[in-house]
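Just so you know, we're using UniProt numbering here: the sequence shown kicks off at 1 and counts up by one. Yeah, the Cβ is synthetic: ideal placement off N, Cα and C, and Gly gets one too. Notes to accompany the following structure.
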Amino acid sequence: MKPRFPRSRGKKRNSSRDAERRHKTIEGNGGSHSRNNSKEDHHVKKPIPIGHRKINHSMVNHHGETSSVSAKALRRDDIMGSTTSIPSTSIISAYSDTSLTDYDTESSIKPKSSSNSHFRTRYWAKRTNNPTEEITFRPEFLLTSLEHTLSQKGLNLQGFLNIFRAVMEMFTPLGPVFSFVVAEMKEKIDVLDGLRQSEARRHYETVEGMVKYETELRLVEGNNESGVKMQQRLQRSLPFITELLTNIDSVDPNDYLYQFVRDAYYRTLAGYHSWIIRKTITIALRALPKRQDFETNITKSDPERLETWRKMAPTLQRLMNRVHAIGEDIYAKYNVPQIP
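Below is the structure:
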């Protein structure tokens, strides 16, 4: 038997051939280049399409400035036609493809998507032609919406939805603390708006008309997107919102709002939530600011707006309590059970 010797691996096995190949390459390039120069010429790479780059490359942007950007950024900039970064997706992206109607009699809505950094300024509505206008709480819009709701027997549904659009203006400046509340309200408003624009829209002009229509056809049972379910879940938050709007003066301006809002929550909404949701909300409320900071945020440091809110507080409380009471009477009239 022939003795077996371990094979040499890799370049060691072909080292002589590699040396010959390198020698021929040097001669083919003129023979006078050094090994280092020939290596550089031999390994010149062809341009790689933007979509296939896997490493960082020094690029000249459209301003004539040289910068180093990653392949991911290159692909992104190639698509967007800009070297600016794309905002990260947030909960606010849910509002980008939604059409809200009848928001305000004086202006129209053009929903906006937004990054986290612009959450408090441009996240779901554009009330004027100025795209940089910050969303601020307008107590006069809330008052008008309440009056509109009560102007029709059985509660005008359009006005009812506008109440919560006004409330969303109040919660938006609080940022992520109340983002879950805004998201829940927005989802229910969208469902009800869709029903108001459906083929059965004549049944969705008032809350009572909607309740009568859906209960007679048994559309409430087992239907998670029933208009009655959506409206009832909005309605049950009215006492909580009323306390926040009208009793906040009981808190010292330098005190944090955590205890006040927590107590209001447990008096009104906690009974409808599971233990885990209650605990989650309680933890989230710890991020609430002081009362004076809260008022500054929602009024944008406008003393006249703050004074208007304080003067309207008793009227807002009375009308919101009335809307809630009429809604409860409608449920009792048509034997609508409390939906969890």
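DSSP places Lys279 in the helix class (H, G or I) of the three-state scheme.
Restricting attention to His148, Met185, Asp249, the CA atom closest to the CA of Thr206 is found in His148. Burial check for Trp309: the Cβ neighbour count within 10 Å reaches 16 or more, so the residue is buried. Note that the C-beta distance between Ile163 and Leu195 is not below 8 angstroms. Restricted to the segment 148-218, the alpha helix (DSSP H) segments that are unbroken, complete and at least 4 residues in length are 157-171, 179-196, 207-216, listed in chain order. By the Cβ criterion, the segment 315-322 is not in contact with the segment 250-267, since fewer than three pairs of Cβ atoms, one from each stretch, lie closer than 8 angstroms. Listed as beta-bridge partners of Lys290 by DSSP are Tyr256.
With a 10 Å radius around the Cβ and a threshold of 16 neighbouring Cβ atoms, Thr242 comes out buried.
Annotated as proximal: Ala270 and Arg278, with beta-carbon spacing under 8 angstroms. Asn321: member of the alpha helix (DSSP H) spanning 303-333, first to last residue. Judged by their CB atoms, Pro173 and Ile298 are nearer to each other than the 8 angstroms cut-off. Less than 8 angstroms separates the beta-carbon of Leu157 from that of Leu192.
The residue among Lys186, Gly222, Val228, Met170 with its C-alpha nearest the C-alpha of Glu328 is Val228.
Between the alpha carbons of Arg267 and Ser237 lies a distance of about 11 angstroms. The Cβ-Cβ distance between Leu244 and Arg262 does not fall below 8 angstroms.
Closest in alpha carbon position to Leu257, among Gln232, Asp293, Glu199, Glu216, is Asp293.
Linking Glu208 to Phe260 through their CA atoms gives a straight-line distance of about 34 angstroms.
Between Thr136 and Lys300, the CB-CB gap stays under 8 angstroms. When rounded, the separation of the alpha-carbon atoms in Arg165 and Glu140 is 13 angstroms. Taking C-alpha positions only, Ala325 is separated from Ala313 by approximately 18 angstroms. His273 and Pro340 have their C-alpha atoms spaced approximately 8 angstroms apart.
Our two residues, Pro303 and Leu150, have alpha carbons roughly 30 angstroms apart in a direct line.
Non-local C-beta neighbours of Tyr204 in its own chain, meaning closer than 8 angstroms and more than five positions away in sequence, comprise Leu157, Leu192, Leu195, Arg196, Ser198, Met210, Tyr213, Gly227, ordered along the chain. Assignment of Asn297 by DSSP, reduced to helix, strand and coil, places it in the helix class. When rounded, the separation of the alpha-carbon atoms in Val220 and Lys188 is 15 angstroms. Thr215 is positioned such that its CB atom lies no closer than 8 angstroms to that of Val323. Of the residues Gly159, Val181, Phe160, the one whose Cα lies closest to the Cα of Met168 is Val181. Ranked by Cα distance from Ile330, the options Glu295, Gln235, Asp255, Thr282 are led by Gln235.
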